[in-house]
DNA sequence: ATTTCTGCAAATCATTTGCATATCT
DNA sequence: AGATATGCAAATGATTTGCAGAAAT
C-alpha cells in the first residue's frame, strides 16, 4: 500500500486524516517491511509530530488494523508488530535480532525451500489455523437460524 | 507423557519432586489435550495443594517447558497455554470458545483436509518459522570461530 | 455543529523478580 | 548440609480505558 492509497482508505471509511495519523503512515512507509512495533512507530512518529502520544499511536494502529489497512502480527514474548504487506506470506522471525522477514509465497511450502531461497535457517515452526470448531459452528448455526 | 514419565524426567534432570509440582502434573494429566493456561492450572492445582501460589505455578510451568517436559504455546491476546502433546501437530484455535484442538499431522498439510477430517472451519491461518536470518547466522559463525 | 481524535493519567492483565523462608535430596 | 523451590509483595511491559478538551469534516 502506498501512502496515497492509505489516505484514500481513511477518507473512504469516514476516518479522519489527522497530522498524527499522517506521521504514523509516514513511519509505516519508511520502515518498509521491517514490521515495526508500536514503541518504535511511536518514537519515530513523535519526531515528526511532537505532541503525539503513545495511546494515540495504539489507537491509530488498532483502527488501521481493524479496517484492514495494515495487519497486526502477534508473536511470542514480543510486542505486537505491524505489517503493511497484506499478501499471504510466511513470516520468518529471527530469534536473535527479532527481525521479521517476509517470504511472499502461500502458506503450504517446504521448509527446505525457504532456507535455500532466503538463507534463513529454520529451527522451529508454528502453524496455527484460526476458525470455528465443530461445536461452535453448530451453535452459531442454531442461534442465527 | 504419563505422570510417571514426567516424574522420572524431573528426577533425571535433578529437579525436585515437590507436592506443588505433583499437583500441577495431576492437573496437566486431567486436562488432557485442552491446553490449559496458567490461571486455570493454578485454580485447579490449588484445590489439591492449598498453599500453592500463582508465582510457583508460573515457575513450575516455565521449568517444565525449559526442560521439554511440556510445551508453551503463545497466541494472540490470550494467556499462554501449556501443551502435553510434544509431537509435531497443528493447533486449531477456536476463535469463539478459545478451545485449542490438536490435529496430529506434520505441518505441511492442505487446509481443506483439516476441515474434512476435523470439522474445524478455518478462517485464518498463521505460519511462522523461527530461526536465524542470514546476517545473524554469519555473525554467530564469526563470533564462535 | 457534529463526530471523531487526541493526550493524559490511571487501570488492567499476564508474567516476572527479589528475597527471605521452607523443603527436597 | 546444600541445593533448589516456594510464597509473598512489588515490579514490569504491553496495551487499554475513561474522559475532557481539541481538531477534522
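Residue numbers (the numbering used here), protein chains in the order written: chain A, 1 to 145; chain B, 146 to 290.
Don't be surprised by glycine CBs; every beta carbon is placed ideally from N, CA and C.
> Cα-Cα, which of B:241, B:238, B:213, B:197 is closest to residue 158 of chain B?
Replying inline: B:213
>> Rounded to the nearest angstrom, what separates residue 169 of chain B and residue 88 of chain A at their Cα positions?
In response: 40 Å
>> Quick check on DSSP: helix, strand or coil for residue 51 of chain A?
In response: Reduced to three states, the DSSP call for residue 51 of chain A is coil.
>> Do residue 210 of chain B and residue 227 of chain B count as a contact pair if the criterion is CB distance below 9 Å?
In response: Their beta carbons are under 9 Å apart, which means residue 227 of chain B touches residue 210 of chain B by this criterion.
>> Measuring alpha carbon to alpha carbon, tell me which residue in A:120, A:129, A:133 is nearest residue 282 of chain B.
In response: A:120
>> Going by DSSP, what residue range makes up the alpha helix (DSSP H) through residue 166 of chain B?
In response: Its alpha helix (DSSP H) spans residues 164 to 175.
> For residue 285 of chain B, which option in A:97, A:42, A:86 has the closest C-alpha, if you only look at C-alpha atoms?
Replying inline: The shortest Cα separation from residue 285 of chain B among A:97, A:42, A:86 belongs to A:97.
>> For a test of the three-state rule: what should DSSP assign to residue 241 of chain B, helix, strand or coil?
In response: coil
>> Any C-beta of chain A within less than 8 Å: which residues of the stretch 270 to 281 of chain B qualify?
In response: The stretch 270 to 281 of chain B vs chain A, Cβ under 8 Å: 270, 271, 272, 273, 274, 275, 276, 277, 278, 279, 280, 281.
> So does the stretch 120 to 132 of chain A actually touch the stretch 258 to 273 of chain B, counting three or more Cβ pairs closer than 8 Å?
Replying inline: yes
> Taking just the CA atoms, how far does residue 103 of chain A sit from residue 165 of chain A?
Replying inline: The structure shown does not extend to residue 165 of chain A, since chain A spans only 1 to 145, so no value can be given for it.
> Terminal residues of the continuous alpha helix (DSSP H) containing residue 157 of chain B?
Replying inline: 148 to 157
>> Just to check my reading of the structure: residue 231 of chain B and residue 244 of chain B have Cβ atoms closer than 8 Å, yes? What is that Cβ distance to the nearest angstrom?
In response: Actually they do not touch by this definition, with Cβ atoms about 20 Å apart.
> With C-beta atoms as the reference, is residue 255 of chain B less than 9 Å away from residue 41 of chain A?
Replying inline: no
> List, in order along the chain, the chain B residues whose C-beta lies closer than 7 Å to that of residue 96 of chain A?
Replying inline: 277, 281
> Any idea what DSSP makes of residue 143 of chain A, helix, strand or coil?
Replying inline: helix
>> According to DSSP, simplified to helix, strand and coil, what is residue 273 of chain B?
In response: strand
>> By the 9 Å beta-carbon criterion, what residues does the stretch 159 to 193 of chain B contribute toward chain A?
In response: Closer than 9 Å at the C-beta level to chain A, one finds no residue of the stretch 159 to 193 of chain B.
>> Rounded to the nearest angstrom, what separates residue 90 of chain A and residue 106 of chain A at their Cα positions?
In response: 7 Å
> Under the rule that 16 or more other beta-carbon atoms within 10 Å means buried, what is residue 78 of chain A, buried or exposed?
Replying inline: exposed
> Taking the alpha helix (DSSP H) that residue 226 of chain B falls in, what are its first and last residues?
Replying inline: That residue, residue 226 of chain B, is in no alpha helix (DSSP H); its beta strand (DSSP E) goes 226 to 228.
>> Quick check on the burial criterion: 16 or more other C-beta atoms within 10 angstroms. Buried or exposed for residue 202 of chain B?
In response: buried
> Going by Cα to Cα distance, which pick from B:175, B:148, B:239 is closest to residue 190 of chain B?
Replying inline: B:175
> Which of the three DSSP states, helix, strand or coil, is assigned to residue 121 of chain A?
Replying inline: strand
> Comparing alpha-carbon positions, which option in B:204, B:173, B:179, B:177 lies nearest residue 193 of chain B?
Replying inline: The residue with the shortest Cα to Cα distance from residue 193 of chain B is B:173.
> Measuring from the CB of residue 6 of chain A, is there a heavy atom of the ligand ADP at a distance below 8 Å?
Replying inline: As far as ligands go, the structure on display features none, and thus does not contain the ligand ADP.
>> Taking the beta strand (DSSP E) that residue 115 of chain B belongs to, which residues open and close that run?
In response: Residue 115 of chain B cannot be examined here, being either before or after the span of chain B that is shown, 146 to 290.
>> With DSSP as the reference, identify every bridge partner of residue 102 of chain A, one or two as the case may be.
In response: Partner(s): A:91.
>> List, in chain order, every chain A residue whose beta-carbon is nearer than 7 Å to that of residue 252 of chain B.
In response: 125, 127
> Short check: CB of residue 177 of chain B to CB of residue 229 of chain B, under 9 Å?
Replying inline: Yes; because the gap between Cβ atoms is below 9 Å, this pair is in contact.
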